[in-house]
DNA sequence: AATTATGTTGACCGAATGGTCAGGTTGTGG
DNA sequence: CCACAACCTGACCATTCGGTCAACATAATT
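Protein chains in written order, with the numbering used here: chain A, 485 to 699; chain B, 485 to 699.
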C-alpha cells in the first residue's frame, strides 16, 4: 500500500519523473548562470556544474545553448504576465495599481535571477523574444492602458498618461531585482530585510498612489 | 599662417592628437558593442570592425578587453554623477528633484549605450566597479539623502523615505534607456519622438512631484 | 528473459576568441 | 638628414567554447 500511495502521488512512470526533475534542475541552474554572467558570458559547462550534471547531459535535454536560454526567458515571461491578474478585477486604481505594485515587488524578491535574465534580453535588443514583445506584451499593454484610461475618464484618478505610468511601474518594481546588487551594496552589503522590503513596497505605493491623485 | 592657426587650435603634436582620436573612436565603438552584446558577448574583433581599426591596434591602446571595458564603465559613471549637480543648489524639491529627473532623462536619451553598460555591469554583480559603489556612489547617495531629509524636516515635501525615493528616480529615468528597445517596440517600432520624450519626462515629473506632496 | 526505448557520459572536434609579436611605417627632436 | 620613439598590423598561438558521438546503463515493454 505504501508503494501504491507513492506511485499515485508523484511517480507516473519513473522515466517521466526523471525527465521532469532534470529539466527543472537544469532550468534553475541556467536561470541563475544566465542572470549572473549574461548570455554571452554563460557557458554550458558552468550551468552543468551548477546543476550537478555532466555537460553532455544538458545537450540531451536541450539541444543548444540558445534553446535552453529561450526556455528560461519564456518561463519568466509567464510569471511576469500573471502578476497583472490583480489589475483585472480591481474596482479602482487603489486596489488595481496598488496590488500590481505589491505583486511585482514580490516577483522581484522571489525571482531576482529571472528578472535579470529578462532585463538582459530586452537590453540586448530582445533577439529571442522579439515576437513576444510584438504580440503578447503589446496586447497586454493595450489592455491595461485601456483600464487605466477608463479610471481616468471616470474621475477615479488624475489624468496621467497610462503608457508612461505603466513604464514607471515596471521600472520601479524591477529595479529592486535588476539593481539588487547596487541596493545591497548601498545597504552596507546586506540584503534587504523583510522590514526593508515592506518599507520599499510601501514607499513606492504611497508615492505612486499619491502621484496619480488617489489617497 | 593657415598652418599655424590649425596647430594652435587642435594640434599639440600630431602624436597626441592621433592617440586622443583613436582612443575616442575605440571607446565609442566599445561602448556600443558592450551595450548591445554584453561583456561576454562582445568580441574585440567586433569592436575593431565598428571602430574601423585592425584588432591588434586596439590592443596597442588598451592592453586587454577588461581594461577597455573598465574605461568605458568609468566614463559612464562620471556622466552619471554630474547629473546631480542640479540637486545641490536647489532651494527645494520642486527644482532639485524636478531638475534631476530632467537631467537623468536627458542622459538616458543621449547616452543609451552607456546606460546599458552600467546596468549590465551592476546586474552582473559589479565585478569591475564594486569599489566605486562602495565609496563614491555611497558617499554621493548619503549626501543626497541628507538633502532630501532636510526638505522633509523643513516641511517642503511629504515624509518620504529618501533612500527609496532615490531608487525610484534612478529606476524610472534609466528605464527609458535600458528598456528602450521594449519601449520602442510598444511604440510601433519607432523611436520616441521629441514630443514623446517630453511627454515621458513630464509624466514622470508630475507623478513624482505630486507623489511627494509638492505642487 | 529478451528486446527496445530512454537516459548517461567521457572523449573528442572544429570554430572562435583574447592576446602576442616581429617587422614594418610614420612622426619628432636633434 | 639621421636616429629614436611612437604607431600600425598581418600572421600566428594557446585556450576555451558549443556541440557531437559512440559506448554504456537503466527502465519499460512484450
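Note that CB positions come from ideal geometry on N, CA and C, so glycine has one too.
Name the chain B residues whose beta carbon is nearer than 8 Å to that of residue 620/A?
-> To locate residue 620/A, count along the first chain from 1; it is residue 136. What residue 620/A touches in chain B: nothing, since even the nearest Cβ is about 12 Å away.
Measure from the alpha carbon of residue 536/B to the alpha carbon of each residue in 637/B, 510/B and 580/B, then state which is nearest.
-> Position 52 of the second chain, counting from 1, holds the residue named residue 536/B. If we check each option's Cα against that of residue 536/B, 510/B comes out closest.
Proximal chain A residues relative to residue 617/B, where beta-carbon distance stays under 7 Å | Residue 617/B sits at position 133 when you count from the first residue of the second chain. Neighbours of residue 617/B on chain A, chain order: 666 and 669.
Ignore the nearest five residues each way along the sequence and tell me which others in residue 679/A's own chain have a CB closer than 7 Å to its CB.
-> Taking the first chain and counting its residues from 1, one reaches residue 679/A at position 195. So no residue of the chain qualifies.
Bounding residues of the alpha helix (DSSP H) (the contiguous stretch that carries residue 563/B) = To locate residue 563/B, count along the second chain from 1; it is residue 79. Residues 549 to 566.
Could you tell me the distance, in whole angstroms, from the CA atom of residue 626/A to the CA atom of residue 514/B?
-> The residue given as residue 626/A occupies position 142 in the first chain. The residue given as residue 514/B occupies position 30 in the second chain. Rounded to the nearest angstrom, the two C-alpha atoms are 36 Å apart.
Mind pulling the chain A residues with CB within less than 8 Å of residue 545/B?
-> Counted from its first residue, the second chain places residue 545/B at position 61. Residues of chain A passing the Cβ test: none, with the nearest at roughly 23 Å.
Report buried or exposed for residue 502/B, applying the criterion of at least 16 other Cβ atoms within 10 angstroms of its Cβ.
-> Counting from 1 along the second chain, the entry for residue 502/B is found at position 18. Residue 502/B is exposed by the Cβ-count criterion.
Compile a chain-ordered list of the residues in the segment 642 to 665 of chain B whose CB is closer than 8 Å to at least one CB of chain A.
-> Hits within the stretch, in order: 642, 644, 645, 647, 648, 649, 651, 652, 654, 655, 656, 658, 659, 660, 662, 663 and 665.
Does DSSP classify residue 676/B as helix, strand or coil?
-> As a working note, residue 676/B is residue 192 in the second chain. In this structure, residue 676/B counts as coil in the three-state DSSP scheme.
Who are the neighbours of residue 608/B on chain A, taking C-beta pairs under 7 Å?
-> On the second chain, position 124 is the one that residue 608/B refers to. Those within 7 Å of residue 608/B in chain A are 520, 521 and 522.
Determine, using beta carbons only, whether residue 551/B comes closer than 7 Å to chain A.
-> On the second chain, position 67 is the one that residue 551/B refers to. With 7 Å as the cut-off, residue 551/B does not count as an interface residue toward chain A.
Proximity winner among 696/A, 533/A, 694/A and 524/A, relative to residue 608/B (alpha-carbon distances) | As a position in the second chain, residue 608/B is number 124, starting the count at 1. Per the Cα distances, 524/A.
Where residue 639/A falls: helix, strand or coil (DSSP) = On the first chain, position 155 is the one that residue 639/A refers to. Three-state result, residue 639/A: coil.
Would you kindly check if the distance between the Cβ of residue 556/A and the Cβ of residue 605/A is under 7 Å?
-> Along the first chain, one-based indexing puts residue 605/A at 121. Along the first chain, one-based indexing puts residue 556/A at 72. Going by C-beta atoms, residue 605/A is not nearer than 7 Å to residue 556/A.
C-alpha gap between residue 534/B and residue 663/B, whole angstroms | For the purposes of this step, residue 534/B is identified with residue 50 of the second chain, where counting begins at 1. For the purposes of this step, residue 663/B is identified with residue 179 of the second chain, where counting begins at 1. The straight-line gap from Cα to Cα measures roughly 23 Å.
Can you name, in chain order, every residue of its own chain whose Cβ lies under 7 Å from the Cβ of residue 507/B, other than the five neighbours on each side?
-> Stepping through the second chain from its first residue, residue 507/B is reached at position 23. Answer for residue 507/B: 545, listed in chain order.
Of all the CB atoms in chain A, is at least one closer than 7 Å to the CB of residue 582/B?
-> Position 98 of the second chain, counted from the first residue, corresponds to residue 582/B. For residue 582/B, the answer is no, since every Cβ of chain A falls outside 7 Å of its Cβ.
So does the segment 673 to 692 of chain A actually touch the segment 631 to 648 of chain B, counting three or more Cβ pairs closer than 8 Å?
-> yes
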